[in-house]
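J.:
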Amino acid sequence: MSIISMRGSRCILSRGQLSKMLTTSSQRLLSVNKQEDLDERTRKIYDRIIRVDHAGEFGADRIYAGQLSVLEKTDVGPLIQHMWDQEKAHLAKFEELIGEYRVRPTILHPFWKVAGYALGRGTAMLGKEAAMACTVAVEESITNHYNDQLRELLALYEESGDEKHNDLMKIIAKFRDEEMEHHDTGLEHDAEKAPGFIFIKGSIQVGCKAAIWLSERV
Amino acid sequence: MARFVSRTRLLNLINTTFKTAPIRSVSMMRTHITSPHTSPVNKPTLLNSSRQISLSSITHNEEKPRTDQTVKEEIYTEAMKLVTEHGWTRKTLSLGAEAAGYAGVAEGLFNGGEELAVSFIQKCNDELVVYLKEMATIQENPDTKVPQSEFIRNAVEYRLRMLIPYISVWPQGLAVLHSPFVLKDTVGISTQMLDDIWYYAGDRSTDINWYTKRGLLGKLYFSTQLSMLNDQSPDFQDTWKFLNRRMDDIKVMGSLARSLSSLSLPQGIAEVGKAGLTSICNIAGLGQNRRS
């Protein structure tokens, strides 16, 4: 899998690089534990934020996997592959954060695994426009969700003046920008021409809201 | 003309006279309980020997501020010395309060014997975390690294050994910990302990394995703890052997899960089907009789 460079000189990780990143993070020193630097209230907030973001990126990863399983050979195949690679990098980053902040991952993980794949595959089977519509819906939900989190973290930063909130804010802001790009890409590739676009978009966004609510708590 | 008494000689005199912590007067104790944030009433006046003088306020240069927390710590320390005799009750706390130099009613700072037991397990877990951090730094060195299962086994043994001084009253302690007033705290503290052990053992799972690992460890820990309550062998050797057997079981389960996941779907179904059939035969009495 070769490295694809996209506009703005950002490189996408190849499979080899991604797996190397994952193995080094699991061998990381046992003594790295940022949870102890946080007070109780901040710990709870970070716990919730990182858990739901990890669940969200994992869901997105599975959705793209489902879509690609149907649309691999079509002309949007490489595009979906490229968006999937970005989501894989997001997922790897949140898995790293789970280790650093000792966050409990969502117990609904196996459920999102199946549901995400089914959603991706189902919309892809309706056609590539429907797949793009699904992308648009999901990415819009995720962008709004990340913006809410950024507002929350900003409020926390303004209250305490603590610099370490900036790290998480930078990460979430970067990922939000990439999700917005995916949203725009989906619109460019005829998402609105999908049959029942409003219905697909509406129902998926309701589902995303429910998934976010659940994964924040459970 | 007053005889000049040097400060050191006077200090020695006081130290030899007051060998034990003197019981403070009732008025002073009321101050401790109702307004714990004020500075101590008994300012040391060295030459006024008629008033009870607190030993600590003379021998320490700075006076530690007395808060609810410090008083509770003192009562806890004294009460734990009496737990094997009087159990996990308000009586133990009140006797402990008296031993620490406060009135018996100071036990009201605690929410009954239940809170004594909860404080005990919290303190044990805090000590365990210190041990785990030490062991984790040893693990980082590839020369002294031990396998993860051995790390966990040693951590469980270390934590269970903390119960040994109180093992005679620990069955009551466990019962008290399950009282509805403190059950939520007990569960929270226990799950935090399981997470601590796995975290310092190096677990960084981000999927359902996070839950299965802690569930397994919980089962291991609590079953070993129960076995410890009935153990009469010297230095609880039977309990550690039980622990080793449970660790072996887990290793077998782990390798089983790995071998299953490497099979294809029809093979996997066949393996599970065979296991189910064997179980049914055993239940019906047709299987082998093997006790291990």
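Just so you know, the protein sequences line up as chains A and B, in that order. Just so you know, we're using this note's numbering here: the first sequence kicks off at 1 and counts up by one. Just so you know, we're using this note's numbering here: the second sequence kicks off at 1001 and counts up by one. Cβ atoms here follow ideal geometry from the backbone N, Cα and C, with glycine treated the same way. None of the values given here were measured: they were computed from a predicted structure.
Along chain B, in chain order, which residues have C-beta atoms closer than 7 angstroms to that of residue 109 (chain A)?
T.: Counting from one through the first sequence, the residue named residue 109 (chain A) turns up at place 109. Under the 7 angstroms cutoff, chain B gives 1207 and 1208.
J.: Take residue 1117 (chain B) and list the residues in its own chain whose beta-carbon comes closer than 7 angstroms to its own, dropping the five residues that flank it on each side.
T.: Counted from its first residue, the second sequence places residue 1117 (chain B) at position 117. Within the same chain, residue 1117 (chain B) has close Cβ partners 1088, 1173, 1176 and 1177.
J.: Hey, does residue 1211 (chain B) have any beta-carbon neighbour from chain A nearer than 8 angstroms?
T.: Translated into positions along the second sequence, residue 1211 (chain B) becomes position 211. Closer than 8 angstroms to some Cβ of chain A, the Cβ of residue 1211 (chain B) qualifies, so yes.
J.: Going by alpha carbons, who is nearest to residue 1166 (chain B) out of B:1108, B:1080 and B:1276?
T.: Working through the second sequence from its first residue, we reach residue 1166 (chain B) at position 166. Residue B:1080 is the option with its Cα nearest to residue 1166 (chain B).
J.: Hey, out of B:1193, B:1267, B:1109 and B:1111, whose CA is closest to residue 1127 (chain B)'s CA?
T.: Along the second sequence, read from residue 1 onward, the residue named residue 1127 (chain B) stands at position 127. It is B:1193 whose Cα lies nearest to the Cα of residue 1127 (chain B).
J.: When you compare only the Cα positions, how much space is there between residue 1205 (chain B) and residue 110 (chain A)?
T.: Here residue 1205 (chain B) is taken as the residue at index 205 of the second sequence, counted from 1. Here residue 110 (chain A) is taken as the residue at index 110 of the first sequence, counted from 1. Rounded to whole angstroms, residue 1205 (chain B) to residue 110 (chain A) spans 14 angstroms at the Cα level.
J.: Can you check whether the CB of residue 125 (chain A) is closer than 8 angstroms to the CB of residue 70 (chain A)?
T.: Numbered from its first residue, the first sequence carries residue 70 (chain A) at position 70. Numbered from its first residue, the first sequence carries residue 125 (chain A) at position 125. Yes, the Cβ-Cβ distance between residue 70 (chain A) and residue 125 (chain A) is below 8 angstroms.
J.: For a test of the three-state rule: what should DSSP assign to residue 1170 (chain B), helix, strand or coil?
T.: Against the second sequence, residue 1170 (chain B) aligns to sequence position 170. Looking at residue 1170 (chain B) - three-state DSSP - the assignment turns out to be helix.
J.: DSSP three-state label for residue 1232 (chain B), please.
T.: The count along the second sequence starts at 1 and reaches residue 1232 (chain B) at position 232. DSSP places residue 1232 (chain B) in coil when its eight states are reduced to three.
J.: Any beta carbon from chain A within less than 8 angstroms of residue 1199 (chain B)'s own beta carbon?
T.: Counted from its first residue, the second sequence places residue 1199 (chain B) at position 199. Chain A contact via Cβ: present.
J.: Which residues in the same chain as residue 183 (chain A) place their Cβ atom closer than 6 angstroms to its Cβ, once the five residues preceding and following it in sequence are excluded?
T.: For the purposes of this step, residue 183 (chain A) is taken as the residue at position 183 of the first sequence. 136, 139 and 140, listed in sequence order.
J.: Which class does residue 1066 (chain B) belong to by DSSP, given the choice of helix, strand or coil?
T.: On the second sequence, position 66 is the one that residue 1066 (chain B) refers to. Coil.
J.: Give the residues from the stretch 142-170 of chain A that approach chain B closer than 8 angstroms (Cβ to any Cβ), ordered along the chain.
T.: Answer in chain order: no residues at all.
J.: Where are the alpha helix (DSSP H) runs, 4 residues long or more, that stay fully inside the stretch 1135-1211 of chain B, in chain order?
T.: As far as the stretch 1135-1211 of chain B is concerned, its whole alpha helix (DSSP H) runs of at least 4 residues are 1148-1161, 1170-1177 and 1183-1201.
J.: Distance check for residue 1190 (chain B) and residue 49 (chain A), CA to CA, integer angstroms please.
T.: The residue you call residue 49 (chain A) lines up with position 49 of the first sequence. The residue you call residue 1190 (chain B) lines up with position 190 of the second sequence. About 24 angstroms.
J.: Determine, for residue 1204 (chain B), whether the minimum Cβ-Cβ distance to residues of chain A falls below 8 angstroms.
T.: Counting from 1 along the second sequence, the entry for residue 1204 (chain B) is found at position 204. So, interface residue.
J.: Please confirm whether residue 216 (chain A) has its beta-carbon closer than 8 angstroms to some beta-carbon of chain B.
T.: Stepping through the first sequence from its first residue, residue 216 (chain A) is reached at position 216. With 8 angstroms as the cut-off, residue 216 (chain A) does not count as an interface residue toward chain B.
J.: Select from A:200, A:171, A:130 and A:162 the residue whose C-alpha is nearest the C-alpha of residue 150 (chain A).
T.: For the purposes of this step, residue 150 (chain A) is taken as residue 150 along the first sequence, with counting starting at 1. It is A:171 whose Cα lies nearest to the Cα of residue 150 (chain A).
J.: Should residue 1026 (chain B) go down as buried or exposed, given a rule of 16 or more other Cβ atoms within 10 Å for buried?
T.: As a position in the second sequence, residue 1026 (chain B) is number 26, starting the count at 1. The predicted model places residue 1026 (chain B) with a pLDDT of 42, which falls under 50 and marks its position as unreliable, so this point remains unresolved.
J.: Using DSSP with H/G/I as helix, E/B as strand and the rest coil, what is residue 1088 (chain B)?
T.: Residue mapping note: residue 1088 (chain B) aligns to position 88 of the second sequence, counting from 1. Reduced to three states, the DSSP call for residue 1088 (chain B) is coil.
J.: Going along chain B, which residues have a C-beta under 8 angstroms from residue 66 (chain A)?
T.: Looking up residue 66 (chain A) in the first sequence gives position 66. Neighbours of residue 66 (chain A) on chain B: none; closest Cβ ~18 angstroms, over 8 angstroms.
J.: In this structure, how does DSSP classify residue 189 (chain A) when only helix, strand and coil are distinguished?
T.: Stepping through the first sequence from its first residue, residue 189 (chain A) is reached at position 189. Three-state result, residue 189 (chain A): coil.
J.: Quick one: measure Cβ to Cβ for residue 1075 (chain B) and residue 1097 (chain B), integer angstroms, because I've assumed they're closer than 8 angstroms.
T.: For the purposes of this step, residue 1075 (chain B) is taken as residue 75 along the second sequence, with counting starting at 1. For the purposes of this step, residue 1097 (chain B) is taken as residue 97 along the second sequence, with counting starting at 1. About 5 angstroms; that satisfies the 8 angstroms criterion.
J.: For residue 1231 (chain B), collect the residues of the same chain with a Cβ closer than 6 angstroms to its Cβ; drop the 5 residues on either side in sequence, then sort them by chain order.
T.: Residue numbering aside, residue 1231 (chain B) sits at position 231 when the second sequence is read from its first letter. Same-chain partners within the cutoff: 1238 and 1239.
J.: Here's the rule I'm using: 16 or more other beta-carbon atoms within 10 Å means buried, otherwise exposed. How should residue 1069 (chain B) be labelled?
T.: Walking along the second sequence from the start, residue 1069 (chain B) turns up at place 69. The residue is exposed, with fewer than 16 neighbouring Cβ atoms inside 10 Å.
J.: Please list, in chain order, the chain B residues whose beta carbon lies closer than 8 angstroms to that of residue 98 (chain A).
T.: As a first step, residue 98 (chain A) must be located in the first sequence, where it is residue number 98. Per Cβ cutoff of 8 angstroms: 1204 and 1206.
J.: Give a yes or no on whether the C-beta atoms belonging to residue 62 (chain A) and residue 120 (chain A) are separated by under 8 angstroms.
T.: Along the first sequence, read from residue 1 onward, the residue named residue 62 (chain A) stands at position 62. Along the first sequence, read from residue 1 onward, the residue named residue 120 (chain A) stands at position 120. Yes, these two residues count as a Cβ contact at 8 angstroms.
J.: Given this structure, state the Cα-to-Cα distance separating residue 263 (chain A) from residue 1129 (chain B), to the nearest angstrom.
T.: A query on residue 263 (chain A) cannot be resolved here, the shown segment of chain A reaching from 1 to 218 and no further.
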